[in-house]
Structure formats: structure tokens, C-alpha cells
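The structure appears below as C-alpha cells.
In the numbering used here, the protein residues as written are 13 to 389.
Here you go:
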């Protein structure tokens, strides 16, 4: 008998617990499911990815960024003289076989000074093919002996100048220059440093090489063409949803020299009656270490009304983090970046004046990104 009463008591307790739980479950079961396209998470992600795609449009300038020294114009010489041998002094780079093949064409025949200057240009072109800035010239000498001497001087860096900038500081532009004064100049190093200066979409830099004050020195003139780094815009589209509003006005502002250190700041916001998104981004280059440090914050809040007024639906999604990038490889037609970062993502959904869902993600990541251009840039 006691066992029978105990079973009845247990059954009553189970029924009572079920009665207490079922209304709560029914309330959540009756919560309308918001369409995925109108959720705060999806809207925040789409807005963030759209803006990040626009940030990637920073122009890569895959073209010649170096203007070699132009030889001074001289009056043509038609006086001919016999050349028996030609020797090149100061050469430590070109193979003797290649030098001999060029010199032999001008030996044992009559030449003019213009012919020998043309030979000097051909030798300079051979240095340039191998990436060196060099000057080959005809020093003063008596040509009656029929033995001609040419001298080659591989250029070393003299001074670096910046000219033409209106919106960017000269010292900030020159901070990307990594070639030490007095070191041998190579075209690939000049192009690499100049490409880094051209990463800012509001500044274009070309390096011009000119004779330095000291013999064998070449000065570099950074010729800057820039424009105002401040940009803003308003837009209106009809790409929204019925729940959050079809028409979406948005505003964005961007400054590509925010604090005068080539840093990029971007802010964007879009609002409807039932939706709001905000995106903030800042990138600071650190030329001394070839690094770029970027931070971002993205926020979306959705309060749909149609069919959701009675439950008080409110969805919030946030994404924020920091990323460090470094150039691993740079050439005229390709750049390779390495990157690493940490991202935080938080989502929260409220209904019936209570939090019904919450997610918090912490995601480290790293990788490489290749950007290339075809032969037409």
C-alpha cells in the first residue's frame, strides 16, 4: 500500500513539473523564427564584408616607378678616328665575355665620339638588365694612340628628396625608403620602396634618378602626385528586407591620412526604421618594420516589427578585432602579404524581455594573401 502511494506521489510530482515547464516551452515554441536574411548576424557580416572588399581596392601600381638618369644633350660629333682597342675600367659586375662581345664590335675600325657614347649607353643597359644603376663614360684622353678607355661607375645613393606633395608630409613619404645612404643602388630595391609609398590610394610616387654632388653618387627625387585624403558619401539602396525595411540610407567617411602618418580611418553607418549598422576601421602603417596594424569594429541591431511586436524581438551582432600584416614579397607584378590576427564575435537575441540566445566566439587566424596583375597592370 505504501509503495502504491509513493508511486502516485512521484507521478503527481512529475505532472506538476511538466505543467510548470510546458508553458515556458510553449512560449518559446511560439516565438516566430526570423528569416536568416533579416538576422543581426547575417546583416552585420554582409555589411562588414562589403566594406572590407572596398578596402582591398587600394590600388596596386604595377608599372615602372623609376626614371633613370637622362644623359645631357651634346652637339653631334662627325670627326672620325681609328679605334684599335677598347677597355672598360671599374667593372666588377658584368661578365668579361659579355663586355668583350660589346667592345669588339667597335674595335679595329673608324668611330666618332657619338659612336663611343652609344657604346657607353649599351653598357649601361647591360648593368640595368642586372638591376644596377651605373654610369659608363669616356674620360678625357688622347685618342691618337688608338686605344680607348671607358670607365664604369656603379652608382651609390647620395641624397633622397621629396617634391610635389600637398596633403602628405615629405618625412612620412620618405619613411618607406629603406636603402641606406652610400649603398649601391639597385633598381629592384628602388621599385620595392616606391611601391610601398604607392599603397596609399591618394598618393602616387615615382622615383627620378639624378647625378649627385659627389662623383659616383646618384640622388633620388621622389616625385609625388597626391590629392585630398578625405572622402565622404551618401547612398540609398533598396536591398533591404521587408522585415527591416527595403530602403536603406547609408553614410560613410574615409580619411587616408587620418593623423598625418599615412593611417587610414573609415566609418560607415546605415539605418532604417528597424535596422542599424555601424562599421569602424583604422589601419596604421609602421614602415620601419614593414608592418601594418589594423583594428575594426562592426555592429548591427535588428528590431523587426511585422509579426514580432508582441514578443519584443531584438537581435544584436558585433565583430571586432586586430590584425597585423607584413609584406613578404614585392615585385612589379605581384605582392605577397603575411597576416595574423585575433577576432571577437558576439551575438545576442532577446524575446519576451529575456535573452533567448547568446554566442561568444574568439578566433585567432593567420595566412598569406597574393595580389597580382597581368602585363597590362
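Where a beta carbon is used, it is the ideal one built from N, C-alpha and C, also for glycine.
All figures in this text were calculated on a predicted structure; none of them were measured in a lab.
Assigned secondary structure, residue i (DSSP; H/G/I helix, E/B strand, else coil)
i: residue 137; result: helix
i: residue 112; result: helix
i: residue 199; result: helix
i: residue 193; result: coil
i: residue 156; result: helix
i: residue 359; result: strand
i: residue 374; result: strand
i: residue 241; result: coil
i: residue 117; result: helix
i: residue 285; result: coil
i: residue 107; result: coil
i: residue 171; result: strand
i: residue 177; result: coil
i: residue 91; result: coil
i: residue 223; result: strand
i: residue 271; result: coil
i: residue 124; result: coil
i: residue 214; result: coil
i: residue 302; result: coil
i: residue 382; result: strand
Integer-rounded CB distance, given that residue j should sit under 8 Å from residue i
i: residue 137; j: residue 310; result: Not quite, the Cβ-Cβ distance comes to about 53 Å (not below 8 Å), so this is no contact.
i: residue 233; j: residue 140; result: That belief does not hold up - the Cβ atoms of residue 233 and residue 140 are roughly 18 Å apart, past 8 Å.
i: residue 261; j: residue 248; result: 5 Å
Given residue i as reference, the closest of the options once Cα atoms are compared
i: residue 61; options: 174, 289, 114, 154; result: 289
i: residue 293; options: 335, 327, 177, 300; result: 335
i: residue 144; options: 127, 92, 57, 167; result: 167
i: residue 266; options: 364, 280, 216; result: 280
i: residue 351; options: 262, 237, 273, 303; result: 303
i: residue 361; options: 355, 354, 369; result: 369
i: residue 124; options: 95, 148, 111, 105; result: 95
i: residue 100; options: 378, 93, 115; result: 115
i: residue 194; options: 202, 207, 228; result: 228
i: residue 165; options: 380, 223, 183, 212; result: 223
i: residue 449; options: 157, 163, 113; result: Within the shown structure, residues of the chain are numbered from 13 to 389, placing residue 449 beyond reach of any answer.
i: residue 57; options: 291, 353, 343, 378; result: 291
Whole-angstrom distance between residue j and residue i, CA atom to CA atom
i: residue 90; j: residue 122; result: 11 Å
i: residue 119; j: residue 135; result: 15 Å
i: residue 371; j: residue 269; result: 36 Å
i: residue 298; j: residue 186; result: 12 Å
i: residue 131; j: residue 341; result: 35 Å
i: residue 217; j: residue 236; result: 5 Å
i: residue 177; j: residue 306; result: 25 Å
i: residue 190; j: residue 359; result: 45 Å
i: residue 220; j: residue 210; result: 15 Å
i: residue 376; j: residue 331; result: 13 Å
i: residue 103; j: residue 147; result: 11 Å
i: residue 208; j: residue 308; result: 22 Å
i: residue 196; j: residue 273; result: 29 Å
i: residue 276; j: residue 365; result: 40 Å
i: residue 179; j: residue 283; result: 33 Å
i: residue 374; j: residue 64; result: 20 Å
i: residue 203; j: residue 97; result: 37 Å
i: residue 241; j: residue 184; result: 14 Å
i: residue 357; j: residue 329; result: 8 Å
i: residue 108; j: residue 338; result: 40 Å
i: residue 150; j: residue 384; result: 42 Å
i: residue 188; j: residue 300; result: 7 Å
i: residue 231; j: residue 346; result: 27 Å
i: residue 312; j: residue 287; result: 7 Å
i: residue 343; j: residue 133; result: 26 Å
Contacting residues, own chain, Cβ-Cβ under 8 Å from residue i (five flanking each side not counted)
i: residue 153; result: 160, 161
i: residue 142; result: 105, 106
i: residue 127; result: 118
i: residue 201; result: 190, 191
i: residue 367; result: 360, 361
i: residue 380; result: 340, 348, 349, 350, 351
i: residue 158; result: 93, 94, 95, 96, 97
Cutoff 7 Å; reference residue i; Cβ partners in own chain excluding five residues on either side
i: residue 226; result: 170
i: residue 181; result: 272
i: residue 111; result: 100, 103
i: residue 353; result: 333, 334, 335, 336, 377
Closer than 8 Å: residue i CB and nearest the ligand PLP heavy atom
i: residue 137; result: With respect to small molecules bound, the structure shown includes none, and the ligand PLP cannot be examined in it.
Proximal residues to residue i (C-beta, below 6 Å), its chain only, five neighbours per side dropped
i: residue 246; result: 263
i: residue 382; result: 348
i: residue 239; result: 214
i: residue 173; result: 233
i: residue 243; result: 266
i: residue 296; result: 275, 305
i: residue 355; result: 333, 375
i: residue 93; result: 155
i: residue 315; result: 286, 326
i: residue 212; result: 268, 274
Test: residue i CB closer than 9 Å to a CB of chain C
i: residue 333; result: This model lacks chain C altogether; it includes just one protein chain.
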